[in-house]
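Notes for the one structure printed next.
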């Protein structure tokens, strides 16, 4: 057996058409494989970057053009029985030709393809050609043939098995790609090869079991042997002549169990599978790392409706999750290193689950391997989102082949704990006025409630399947019923204030989010507007949500002082996003165990736009990231409204009992105590307690001048409760002292408050695009201090580091004096007087 990658020497040409610019027509462009047309044209300097300014609008012709990739490679005949051309991923409508002979056609980005080509190969040079027809033309032709179906956007993404968000979304650009987006090469083999290896890993008591399902493809009809070894145990089985599959079970005694992060370790064991001929020759091999763990989904009826609780190793897990979208609209740019950075950001924000959203892609092996290593759970959508999908051919066969391949591919990963049938399509059929325009045509129900559960039940019975997100467990219930199953909450962003989160007590929130612009350095790299304004052309183009800026403004008007300029607007919209999500997460967590999961929309971004992400398209952390880290802490102290008063809620997501003295104090903004109570926290492992607060704490004397501070020493971060919105609070002018000390590759900034400072945040990327800070959104009372650690690529100006617009707090907007004017800064030593 041998494999030979075909990644070199490719050129790209546009098929002539009136839409093709003259400078590209008939031009041979060097192509990178794996890659895509957009990145090849960009590398050749033939198109502007579609992520910058409004360049995207001038590049729509690319998706309506046919493209041809071609390379020449040498081949020398050997004695192999078969030589296959293996295409791991073609995007999307492709015709593959070898030495002038067509070998196959594809129309699904989410599948691999294998073509037998030995008879077509020639000694010496060979020419391989892959033509990609326009995804638009294909999708529109099937739409016209089968009848249109409703969707969330005016694009035909549901009529082609391709990454839906390539056609644009309310957070991303329209860049309809084409290309050889995954590996391509020749695979030479004899006698037999491993066509599919599917390990079903379970653990019960002290026995771990690997039930290994093996399928082979034959070139000769003779017996072959499959051997497997894992964690010191081994086994083998012979597949007789004429048969193409076998099941081999290997048992491991006392295996170390794999746990989600925060619940234990993540031991992984190499599972090695070898296929051997009768004479002992090794014909093929397969290897993955597996983890022994059990997973089940509890959806039992109870007094509150019906549950939705993931259990791993029989421990109920409170999901502290985020939604994951493709990290770049051009998948070939998403490297393992980039994923590792994003996963580190997830772990740093105390996240324990990533939901791979259904409008993107099945992610790379790197993605799931990193999740396995870090203990990040994965909830995997099948790739259907926000549309009525046709169930006729050719789509049904493509969907079935795609689902079978991906379920088999991902079966070995312990991080994968849940399959989801679709994103919002069942909800859409109920609530988005689909039924009349569909007029009885198919819309995907057969996929979500029949085909996909059958495939998962057949190929991966070790994991639960849930037909949709949201879904309430029965067609007799509304799919977005908060009392049953999973729900999405989007009325907050679309129509209501974020305090409405408190009106819901859901069983599991699979989507909810709030927007903000990206970091300032990201904006300045991507947008050349001068001056920047919320509605300047580049800013407006990078806001894809319907009425997005109006919704941002509605949120500001409800809570915060009016911004005087773009710098104020940028800080306040980012702050409002962080506050909205922190309020929602803390509220939902306070109802544990009725609510057992929150999955925030969204962790990451695919381009430098205004969106719901915590990490922007350039990989910079927005204030929301810091708020998530706080709200998703293993031990959470939060003040919540309860039954006409206030309560202190302590949530413990550790395996140890949480015992600690706690105090709740009502203070003035000047730091003067008005009332105080002390309590003893005693919170069992994986539990929460609710402690009603006395009336003298919950009822301020002067709502505009008071707050509550709840503290439990070093055991948890303190919690704050304000009795009035910032736009109503009598904030004093911001006064502070700051000391800046150069350290290593950055600076240490110590801020001491002379007045109350609300949500003090440093934005060092305004001085150095590489700079980042360790904490944000700190509220200090007079006399309190905080230290910020800034990492940067070089020295930073101390005066600029402690002045607007780098150092911000709410009361430098509402007060008479800005942080810049009220601060005294020095480059080291004691604070200036």
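Numbering (the working numbering), first residue to last: -19 to 813. Glycine included, C-beta positions come from ideal geometry on N, C-alpha and C.
Which of helix, strand or coil DSSP assigns to residue 343: As a working note, residue 343 is residue 363 in the chain shown. Secondary structure of residue 343 (DSSP, three-state): coil.
Assigned secondary structure, residue 475 (DSSP; H/G/I helix, E/B strand, else coil): Here residue 475 is taken as the residue at index 495 of the chain shown, counted from 1. Residue 475: coil per DSSP, three-state reduction.
Applying the 10 Å Cβ sphere with the 16-neighbour rule, what's the burial state of residue 36? Locating residue 36 in the chain shown gives position 56, counting from the first residue. With 16 or more other Cβ atoms inside 10 Å of its own Cβ, residue 36 counts as buried.
When the Cα atoms are used, what is the spatial distance from residue 636 to residue 696? Counting from one through the chain shown, the residue named residue 636 turns up at place 656. Counting from one through the chain shown, the residue named residue 696 turns up at place 716. Taking the CA atoms as reference points, residue 636 sits about 14 Å from residue 696.
With a threshold of 7 Å on Cβ separation, who are the neighbours of residue 316 within its own chain once the five nearest residues in sequence on each side are excluded? Counted from its first residue, the chain shown places residue 316 at position 336. Closer than 7 Å at the Cβ level, and outside the excluded window around residue 316, lie 346.
For residue 464, which option in 282, 440, 520 has the closest C-alpha, if you only look at C-alpha atoms? For the purposes of this step, residue 464 is taken as the residue at position 484 of the chain shown. Nearest of 282, 440, 520 to residue 464, Cα basis: 282.
Can you give, in chain order, each stretch of the alpha helix (DSSP H) that sits fully within the stretch 443 to 487 and has at least 4 residues? Counting only runs of 4 or more, we get 471 to 474.
Would you call residue 38 buried or exposed, if buried means 16 or more other Cβ atoms sit within 10 Å of its Cβ? As a position in the chain shown, residue 38 is number 58, starting the count at 1. Exposed, because fewer than 16 other Cβ atoms sit within 10 Å of the Cβ of residue 38.
Assumed close pair residue 163, residue 391 - CB separation to whole angstroms, cut-off 8 Å: Sequence index remark: in the chain shown, residue 163 carries index 183 (1-based). Sequence index remark: in the chain shown, residue 391 carries index 411 (1-based). Contact between residue 163 and residue 391 is ruled out by a C-beta separation of about 21 Å, above the 8 Å threshold.
Less than 6 Å between C-beta atoms, sequence neighbours within five positions excluded: which residues of the same chain meet that for residue 264? Numbered from 1 along the chain shown, position 284 holds the residue referred to as residue 264. The residues are -19, 173, 174, 255.
Extent of the continuous beta strand (DSSP E) run through residue 553: Within the chain shown, numbered from 1, the residue matching residue 553 stands at position 573. Unbroken run through residue 553 is the alpha helix (DSSP H), 546 to 570; no beta strand (DSSP E).
I'd like the list of long-range same chain contacts for residue 528, defined as Cβ closer than 8 Å, with 5 residues on each side in sequence excluded. The count along the chain shown starts at 1 and reaches residue 528 at position 548. Short of 8 Å from the beta carbon of residue 528, and not among the five residues preceding or following it, lie these beta carbons of its own chain, in chain order: 150, 495, 590.
Go ahead and label residue 260 buried or exposed: buried means 16 or more other beta carbons lie within 10 angstroms of its beta carbon, across all protein chains shown. Start at 1 with the first residue of the chain shown, and residue 260 comes out as number 280. Label assigned to residue 260: exposed.
In chain order, what residues of the same chain have a beta carbon less than 6 Å from the beta carbon of residue 138, not counting five sequence neighbours either side? Residue numbering aside, residue 138 sits at position 158 when the chain shown is read from its first letter. These residues qualify, in order along the chain: 131, 367, 369.
Quick check: what's the CA-CA separation for residue 799 versus residue 306? Start at 1 with the first residue of the chain shown, and residue 799 comes out as number 819. Start at 1 with the first residue of the chain shown, and residue 306 comes out as number 326. Only weak support exists for where residue 799 lies, its pLDDT of 43 falling under 50; the value from the coordinates is given anyway. Taking C-alpha positions only, residue 799 is separated from residue 306 by approximately 38 Å.
For the beta strand (DSSP E) containing residue 264, list its first residue and its last residue. Sequence index remark: in the chain shown, residue 264 carries index 284 (1-based). Here the beta strand (DSSP E) through residue 264 covers 262 to 270.
Would you kindly check if the distance between the Cβ of residue 592 and the Cβ of residue 605 is under 7 Å? The residue you call residue 605 lines up with position 625 of the chain shown. The residue you call residue 592 lines up with position 612 of the chain shown. No, the pair does not count as a contact, with Cβ atoms beyond the cut-off.
Quick check: residue 533 and residue 355, are their CB atoms within less than 7 Å of each other? Position 553 of the chain shown holds residue 533. Position 375 of the chain shown holds residue 355. It is not a contact, given that the beta carbons lie outside the stated cut-off.
Taking residue 93 as part of the beta strand (DSSP E), name the residues at either end of that continuous run. Walking along the chain shown from the start, residue 93 turns up at place 113. Looking at the DSSP string, the run of the beta strand (DSSP E) that includes residue 93 is 93 to 96.
Contacting residues, own chain, Cβ-Cβ under 8 Å from residue -1 (five flanking each side not counted): To locate residue -1, count along the chain shown from 1; it is residue 19. If you ignore the 5 residues before and after residue -1, its C-beta comes within less than 8 Å of the C-beta of 41, 44, 45, all in its own chain and listed in chain order.
Compare the C-alpha of residue 82 against each of 91, 88, 69, 99 and name the closest. For this step, residue 82 is matched to residue 102 along the chain shown. When the alpha-carbon of residue 82 is set against those of 91, 88, 69, 99, the nearest one is in 99.
Alpha helix (DSSP H) segments (min. 4 residues) lying fully within the stretch 139 to 174: Segments of the alpha helix (DSSP H) lying fully in the stretch 139 to 174: there are none.
Have a look at residue 6 and residue 376 and give me their C-alpha separation to the nearest angstrom. Here residue 6 refers to the residue found at position 26 when the chain shown is read from its first residue. Here residue 376 refers to the residue found at position 396 when the chain shown is read from its first residue. The alpha-carbon atoms of residue 6 and residue 376 are separated by roughly 37 Å.
Contacting residues, own chain, Cβ-Cβ under 8 Å from residue 170 (five flanking each side not counted): On the chain shown, residue 170 is found 190 positions in, with the first residue counted as 1. The residues are -19, 59, 60, 61, 62, 199, 200, 263.
In the DSSP assignment, find the unbroken alpha helix (DSSP H) run with residue 377 in it and report its ends. Residue numbering aside, residue 377 sits at position 397 when the chain shown is read from its first letter. Counting along the chain, the alpha helix (DSSP H) containing residue 377 begins and ends at 375 to 390.
Just the C-alpha distance for residue 52 and residue -13, rounded to the nearest angstrom, thanks. One-based indexing of the chain shown puts residue 52 at position 72. One-based indexing of the chain shown puts residue -13 at position 7. The alpha-carbon atoms of residue 52 and residue -13 are separated by roughly 10 Å.
With a Cβ-Cβ cutoff of 7 Å, do residue 782 and residue 757 count as a contact? Here residue 782 refers to the residue found at position 802 when the chain shown is read from its first residue. Here residue 757 refers to the residue found at position 777 when the chain shown is read from its first residue. Not closer than 7 Å, so no.
When the Cα atoms are used, what is the spatial distance from residue 126 to residue 401? Along the chain shown, one-based indexing puts residue 126 at 146. Along the chain shown, one-based indexing puts residue 401 at 421. Answer to the nearest angstrom: the Cα atoms are 22 Å apart.
Within a Cβ cutoff of 7 Å, which residues of the same chain sit near residue -3, ignoring the five residues on either side of it in sequence? Counting from 1 along the chain shown, the entry for residue -3 is found at position 17. Taken in chain order, the residues that qualify are 45.
In whole angstroms, what is the alpha-carbon distance linking residue 458 and residue 93? The residue labelled residue 458 in the question sits at position 478 within the chain shown. The residue labelled residue 93 in the question sits at position 113 within the chain shown. Taking the straight line joining both Cα atoms gives about 40 Å.
Quick test of your reading: residue 336 and residue 358, contact by CB under 8 Å. State the CB separation rounded to the nearest angstrom. Start at 1 with the first residue of the chain shown, and residue 336 comes out as number 356. Start at 1 with the first residue of the chain shown, and residue 358 comes out as number 378. Yes, they are in contact, since the Cβ atoms of residue 336 and residue 358 sit about 6 Å apart, within 8 Å.
By Cβ distance, which residues of its chain are closer than 6 Å to residue 78, with the 5 residues on each side in sequence left out? Start at 1 with the first residue of the chain shown, and residue 78 comes out as number 98. Here the set comprises 97, 100, 108.
List the DSSP bridge partners of residue 51. Position 71 of the chain shown holds residue 51. Paired residue(s): 108.
Go through its chain and collect everything with a Cβ distance to residue 516's Cβ below 6 Å, but skip five positions before and after it. Here residue 516 refers to the residue found at position 536 when the chain shown is read from its first residue. Residues of the same chain with a CB within less than 6 Å of the CB of residue 516, apart from the 5 flanking positions on each side, are 509 in chain order.
Inter-residue Cα distance where the pair is residue 686 and residue 788: Start at 1 with the first residue of the chain shown, and residue 686 comes out as number 706. Start at 1 with the first residue of the chain shown, and residue 788 comes out as number 808. A straight-line Cα-Cα distance of about 21 Å links residue 686 and residue 788.
Whole angstroms are fine: how far does the CA of residue 767 sit from the CA of residue 732? Indexing the chain shown from 1 puts residue 732 at position 752. Indexing the chain shown from 1 puts residue 767 at position 787. Cα to Cα, the separation comes out at about 9 Å.
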